[in-house]
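Numbering (our numbering), first residue to last: 12 to 413.
One structure below.
Next up, the structure:
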């Protein structure tokens with residue numbers, strides 16, 4: 012394996028996003044070799060920069076947001092005022108040699124700024140232009156503000172999450188922001204890059220978190236469209252209805268998950284706990300499921316979480332503990348599969364981060380450089396565009412750059 016080879020080496024990305032979804036997407040592009048220019052407003056920049064929790068240097072004179080260091084590794088920062096004519100000219104110069112633009116403005120904003128797809132494709136006809144929004148470029152919600160919680164609410168995910176007769180539960184991570192904005196966005200860009208290579212075309216990607224999330228409910232939608240019966244919390248096979256696919260409390264107040272969907276796993280579980288009489292319940296009438304859940308609840312409260320893990324560690328029964336973040340990081344499987352990325356950041360010192368998403372044997376992800384300081388690469392980028400020191404000083408004085 013040649014660790015210098017990166018699959019997106021030579022691909023240039025202009026990143027106009029901030030907060031979580033867009034930066035997560037462009038982080039992955041950077042992890043696998045793309046040259047990512049993070050273009051920030053000279054007055055504010057990415058809001059995440061300035062919010063706690065912070066990582067500090069030793070004498071606590073410098074700080075950087077912990078999430079920002081993760082989302083913006085492998086990127087270069089350019090502070091650029093797109094509302095000024097000179098700033099727009101600089102942006103257009105960048106567009107000439109760019110492969111991808113990722114932006115997360117509301118639909119009308121990019122037209123007002125004159126950085127919309129129709130404008131930039133006249134400069135670069137093969138540009139791949141990604142508009143990442145909550146609700147897409149059309150429809151009655153196109154201009155409505157929203158965040159992950161709103162998106163999962165409007166797509167039905169939240170309404171199926173949690174306990175029956177209780178408020179819906181907010182998930183422990185940002186499903187739409189990361190799952191759609193990040194991973195589905197990454198996949199759509201790779202498709203567009205393949206099309207560009209095959210047909211020498213650019214294209215517009217209407218990346219709607221709402222649209223992507225709709226595809227994440229195949230069980231609920233396929234069931235409803237067939238039966239017209241509305242699914243509710245704890246009524247779907249995989250959201251709390253089945254006794255053998257559920258979460259239970261242990262003796263020490265912790266939680267354990269049992270996912271013995273297949274008969275063989277359920278049989279193994281029943282045998283290891285000494286309850287062979289429960290094996291036949293795998294084909295029980297759904298009306299009896301609540302009674303089976305109550306039996307399992309009593310059984311699981313007889314041992315601690317660790318005792319359950321130790322009892323079943325050599326048994327094929329799909330049982331796993333519900334871990335907290337510190338426990339995840341100390342788990343032997345985590346240490347084997349996803350060791351920390353460790354590096355020294357010139358502003359705040361030593362940093363640990365989660366590793367890369369995809370394990371490619373020949374072209375794995377790589378940390379090439381750490382998250383940038385605000386406008387850190389202004390001079391470098393502008394020099395590469397052909398601007399001299401006097402021009403760069405002028406841009407600084409006129410607040411065209413930060």
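Where is the CB? At the ideal position from N, CA and C, for every residue including glycine.
Item, Value
"Residue 161, DSSP secondary structure in three states", "helix"
"Classification of residue 274 by the beta-carbon crowding that lies within 10 angstroms, buried from 16 upward", "exposed"
"Pair within 7 angstroms by beta-carbon distance, residue 254 and residue 303", "yes"
"Within 7 angstroms, strictly: CB atoms of residue 281 and residue 272", "no"
"Candidates 240, 60, 384 and 236, of which the one nearest residue 358 by Cα", "384"
"Span of the alpha helix (DSSP H) around residue 131", "128-134"
"Between the CA atoms of residue 413 and residue 387 - distance to the nearest angstrom", "10 angstroms"
"Cα-Cα separation, residue 107 to residue 100", "11 angstroms"
"Beta-bridge pairing of residue 214 - partner residues as DSSP gives them", "139"
"Under the three-state DSSP convention, the category residue 335 falls into", "coil"
"Extent of the continuous alpha helix (DSSP H) to which residue 37 belongs", "32-42"
"Bridge partners - residue 361, DSSP secondary structure assignment", "355"
"Own chain partners of residue 124 with C-beta closer than 6 angstroms, once the 5 adjacent residues on each side are dropped", "93"
"Through-space distance from residue 180 to residue 78, alpha-carbon basis", "24 angstroms"
"Own chain partners of residue 28 with C-beta closer than 7 angstroms, once the 5 adjacent residues on each side are dropped", "34, 37, 113, 114, 115 and 143"
"Contact set for residue 186: own chain, Cβ-Cβ below 6 angstroms, skip 5 residues either direction", "163"
"Validate contact between the segment 85-92 and the segment 386-400 using beta carbons, cut 8 angstroms, 3 pairs", "yes"
"Nonlocal neighbours in the same chain, by C-beta distance under 7 angstroms from residue 323, ignoring five residues either side", "283 and 330"
"C-alpha distance - residue 172 paired with residue 183, whole-angstrom precision", "11 angstroms"
"Backbone secondary structure at residue 398 - three-state DSSP", "coil"
"Chain-order list of residues whose beta-carbon lies under 6 angstroms from that of residue 320 (same chain, five-residue window excluded)", "332"
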